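Have a look at the structure below before the remarks.
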Amino acid sequence: MFSLPRCARIKSSNSIFHIMVRSISEVMLFKTAFDKKQYLDFIKSYQKIYNFKVYAYCLMSNHGHFLIDSNGADISKIMHSINLKYAKNFNKRYKRHGHLFQDRFKSKIITSDQYLITVSAYIHNNPIDIKKYRKHPEKYEFSSLPVYLGLKKDSFQILDEDFIMQLFNHDVNKARNNYKSLMNMCTDENVIKEIEFNEEKTIYKSERKIIIRNFSSDDIMDFVSAKTGVDKFKLYIKNSHSNTKARALCVLLMRGLCNFKCSDICKSLGNITQSRVSSLCSMGINIIDTDPQFKNIINNFILTYKV
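In terms of full-length UniProt numbering, the sequence shown opens at residue 1 and continues consecutively.
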């Protein structure tokens, strides 16, 4: 049976996106609080790789909304990585097989400051469809709204709420009051219709500083060699315990900063397997989480090689 090919996703490496993920109709995407927490934990893990920013989020039972600044990374790679890892864990936990997410994630490019703040309020108003939260969406746990309003801290450490809040007022209390007013306005049906998903080509450019992901494997390996004291030549050697940490850091930086396919990373490190790339990347994340010497290696690399 003939089927039409998918249209290419309209995207830009310097865009802010309104993202929605949804499960297939017969399955709840998030069955428990643990599921929601795990999804947000995976976002945090992949932030360490891709250095993207989250400006707002809300996770409901069968879908989730996000405002994501790709910060120079490929939004499709970001979302594919998060969703694939979540789906694998979800299927294992609930002993199921097959697809979890409904087709690809949906995305819409943010075109202005006004649209940015309107979408954030729309996202934060999602819980009002639940009777318990109809008048108090700020009490919903898996939303960034309580952080915006100063009711709790960002326990997942994924959020950059200041980017939007500073558009309301530089005084934090005035900004919060102004944002509450916006929340009440954004329940209007005309506003909601305006936010419906349609792919578009317009790109919004603000004063954000974007990470240009055009570094080479040699840039990465030279830097890691200097930081770890491991000779660059030894980074190509497989099955050597003495260079494993350095190779893990190379994979982490290549994956996040070189805009490489997995196969490109395989070739760069002596034709290793894709599963080995995956395990080295996980090891790299663990290294920057636990070893103070390498905690800031990604930012240090960016500062060293910035144009």
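We put the beta carbon where it would ideally sit given N, CA and C, even for glycine. From a predicted model like this one, the values you see are computed outputs, not experimental measurements.
- Can Leu151 and Glu138 be called in contact, C-beta distance under 8 Å? yes
- Item | Buried or exposed by the 16-neighbour rule on C-beta atoms within 10 Å, applied to Pro127 | buried
- Message: Can you list, in chain order, the residues of its chain with a C-beta nearer than 6 Å to that of Asn300? Leave out the 5 residues immediately preceding and following it.
- Response: none
- Is it true that the stretch 95-102 meets the stretch 117-134, where meeting means three or more beta-carbon pairs spaced less than 8 Å apart? no
- Alpha carbon to alpha carbon, how far is Glu26 from Tyr57? 24 Å
- C-alpha distance - Cys250 paired with Tyr305, whole-angstrom precision: 15 Å
- Message: For the beta strand (DSSP E) containing Met28, name the first residue and the last one.
- Response: Segment: none, Met28 is in no beta strand (DSSP E) and carries neither H nor E.
- If Ile19 and Phe105 are in contact, beta carbons under 8 Å, what's the gap, nearest whole angstrom? 6 Å
- Message: Less than 8 Å between the C-beta atoms of Asn51 and Asn83, yes or no?
- Response: no
- Quick one: grab the DSSP three-state call for Met60. In the structure shown, Met60 sits in coil (DSSP, three-state: anything other than H, G, I, E or B).
- Enumerate, from N- to C-terminal direction, the unbroken beta strand (DSSP E) stretches of 3 or more residues contained entirely within the UniProt domain "Transposase IS200-like" (12-126). Qualifying beta strand (DSSP E) stretches, in chain order: 16-22, 53-59, 63-69, 106-109.
- Sequence-distant residues of its chain with Cβ nearer than 8 Å to Asp41 (five each side left out): Phe156
- Item | Straight-line gap, Lys209 to Phe163 (C-alpha atoms, nearest Å) | 12 Å
- Item | Strand pairing of Ser143, partner residues [DSSP] | Ser143 is bridged to Cys58.
- Task: State the start and end residues of the unbroken alpha helix (DSSP H) segment that holds Leu235.
- Result: Unbroken run through Leu235: none, as it is neither H nor E.
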